[in-house]
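Same order as they appear, the protein sequences are chains E and L. Quick note: the first sequence, position 90, residue 90 per the numbering used here, numbers continuous. Quick note: to get the numbering used here, add 1000 to the position in the second sequence (first position is 1). For each residue, glycine too, the CB sits at the ideal point set by N, CA and C. Here the structure comes first, spelled out in structure tokens, and everything after it is commentary.
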Amino acid sequence: GAGVSQSPRYKVAKRGQDVALRCDPISGHVSLFWYQQALGQGPEFLTYFQNEAQLDKSGLPSDRFFAERPEGSVSTLKIQRTQQEDSAVYLCASSLGGWRDVHEQYFGPGTRLTVT
Amino acid sequence: AQTVTQSQPEMSVQEAETVTLSCTYDTSESDYYLFWYKQPPSRQMILVIRQEAYKQQNATENRFSVNFQKAAKSFSLKISDSQLGDAAMYFCAYRSAFSGNTPLVFGKGTRLSVIA
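What follows is the structure in structure tokens.
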């Protein structure tokens, strides 16, 4: 595709439900990042993949958050037992190279999650 | 840990005029990258301009330019000949150059309004 895509664009979940957010990076991009953007804030790092390997998950706020990229392309961010504080926009970004990459990160349009 | 501060939550500019958005950052590293991203209501983060810390020359991209003051840890964005399409949230971001494909560290953003 032409850019990074994310689905769904909007998700409303009741407190306690599990949700899965999908990211399709640019074809051939090795690196993939997830960020969380709370209302009125800048994005904050959650986790990083190089191909299928999750090299950094230091930003995941709790063990309810889980991310995977099993075939090194599409990634899924899963949030279990959602809480109101999980309400945010979840942004995915991909870049061309791997660990020594200095290329630009291209962002998707994000998924806005609202937990009621 | 690195931090990025944007002290202007909101700014406005008349169409065709010039506006400067401020950004300061804190780091102990000597090699890094600085970015300005634009986020319109569609939420898609778009790279506006990028500066490598080892370069003394300020980056310029058409109507966008930066004033990079490394000693002062300041990185302001100047938008010349402002257009209605420039209205958006603008985020300043930092990225380490030492540790591989590191995530971006964002400020809280400045909302720019352009008045016709």
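On the DSSP bridge list, what partners appear for residue i?
i, result
"residue 1091 of chain L", "L:1037"
"residue 31 of chain E", "E:50 and E:95"
"residue 77 of chain E", "E:21 and E:67"
"residue 1003 of chain L", "L:1026"
"residue 104 of chain E", "Per DSSP, none; premise fails for residue 104 of chain E."
"residue 1106 of chain L", "L:1093"
"residue 117 of chain E", "Residue 117 of chain E lies beyond the range of chain E shown here (1 to 116); nothing can be said about it."
Please classify residue i as buried or exposed, where buried requires at least 16 other C-beta atoms within 10 Å of its C-beta.
i, result
"residue 1081 of chain L", "exposed"
"residue 1101 of chain L", "buried"
"residue 1019 of chain L", "buried"
"residue 1025 of chain L", "buried"
"residue 84 of chain E", "exposed"
"residue 28 of chain E", "exposed"
"residue 78 of chain E", "exposed"
"residue 1055 of chain L", "exposed"
Mind pulling the chain L residues with CB within less than 8 Å of residue i?
i, result
"residue 91 of chain E", "1043 and 1045"
"residue 109 of chain E", "1042, 1043 and 1044"
"residue 45 of chain E", "1103, 1104 and 1105"
With DSSP as the reference, label residue i as helix, strand or coil.
i, result
"residue 1026 of chain L", "strand"
"residue 85 of chain E", "helix"
"residue 24 of chain E", "strand"
"residue 56 of chain E", "strand"
"residue 1084 of chain L", "helix"
"residue 1043 of chain L", "coil"
"residue 45 of chain E", "strand"
"residue 1056 of chain L", "coil"
"residue 39 of chain E", "coil"
"residue 4 of chain E", "coil"
How would you list, in chain order, the residues of chain L whose beta-carbon sits under 9 Å from the beta-carbon of residue i?
i, result
"residue 104 of chain E", "1035, 1047 and 1050"
"residue 48 of chain E", "1101, 1102 and 1103"
"residue 33 of chain E", "1101, 1103 and 1104"
"residue 95 of chain E", "1101"
For residue i, report the span of its beta strand (DSSP E) as first-last.
i, result
"residue 1011 of chain L", "1010-1014"
"residue 1075 of chain L", "1074-1079"
"residue 1110 of chain L", "1110-1115"
"residue 1017 of chain L", "Neither: residue 1017 of chain L is in no beta strand (DSSP E) and is coded neither H nor E."
"residue 1068 of chain L", "1064-1069"
"residue 62 of chain E", "Looking at the DSSP string, residue 62 of chain E is not in any beta strand (DSSP E), and its letter there is neither H nor E."
"residue 13 of chain E", "10-13"
For a contact meaning CB atoms closer than 7 Å, what does residue i contact in chain L?
i, result
"residue 42 of chain E", "1091, 1106, 1107, 1108 and 1109"
"residue 27 of chain E", "The contacting residues do not exist; residue 27 of chain E stays about 18 Å from chain L at best."
Measure from the C-beta of residue i to each C-beta in chain A and report whether the shortest distance is under 8 Å.
i, result
"residue 1078 of chain L", "The chain inventory of the structure shown lacks chain A, comprising the protein chains E and L."
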